[in-house]
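Asks: Sequential numbering of the sequence shown, starting at 1, is according to the numbering used here.
Positions of the beta carbon are idealized from the N, C-alpha and C atoms, including for glycine.
No experiment lies behind these values; they were computed from the predicted model shown.
Below is a structure I'd like to ask you about.
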Amino acid sequence: AVRFRLNHASTTGKPAADREFSIWVGDLSTDVDDYSLYRAFAAKYNSIRTAKVILDSSGFSKGYGFVRFANEDEQKNSLITMNGYRGLGTKALKICNAVPRPWNKLT
Numbered sequence: 001a002v003r004f005r006l007n008h009a010s011t012t013g014k015p016a017a018d019r020e021f022s023i024w025v026g027d028l029s030t031d032v033d034d035y036s037l038y039r040a041f042a043a044k045y046n047s048i049r050t051a052k053v054i055l056d057s058s059g060f061s062k063g064y065g066f067v068r069f070a071n072e073d074e075q076k077n078s079l080i081t082m083n084g085y086r087g088l089g090t091k092a093l094k095i096c097n098a099v100p101r102p103w104n105k106l107t
């Protein structure tokens with residue numbers, strides 16, 4: 001199994017009210033940008049904080065991104081309801097939990 005890591009989603013040491021819950025979103029087509037990713041999730045979930053499509057050094061999409069939620073229940077629900085979602089770009093989305101990258105292993 002391949003694990004995807006998010007290097008800025010650590011919730012360690014934050015008060016419960018400030019915690020954020022992230023998902024990895026894969027199979028993004030090249031026309032999907034941060035705003036369209038945000039809009040697709042914000043249309044269904046009220047607690048979306050940010051959405052970020054990861055770009056390569058040339059500024060082109062790597063085909064995946066991350067969405068951060070303020071509400072853990074919404075984040076967990078999105079893992080089910082948005083997996084396979086069509087309506088954003090040309091491909092069905094793949095969704096899984098984002099795993100925070102350990103701070104001592106930033107490479």
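(1) Between S47, G89, F66, R86, which has its C-alpha nearest I54's C-alpha?
(2) CA-CA distance, D73 and I23?
(3) Return helix, strand or coil for E20, following the three-state DSSP convention.
(4) Between N46, S47, V32, which has its C-alpha nearest G59's C-alpha?
(5) Figure out for me which residue from P102, L28, G26, F41 has the closest Cα to the Cα of F69.
Replies: In this structure, then:
(1) Minimum Cα distance to I54 is reached at F66.
(2) As the crow flies, the alpha-carbon of D73 is around 12 Å from that of I23.
(3) Here E20 sits in coil by DSSP.
(4) Out of N46, S47, V32, the CA that lies nearest to the CA of G59 is found in V32.
(5) Of P102, L28, G26, F41, the residue nearest in Cα terms is F41.
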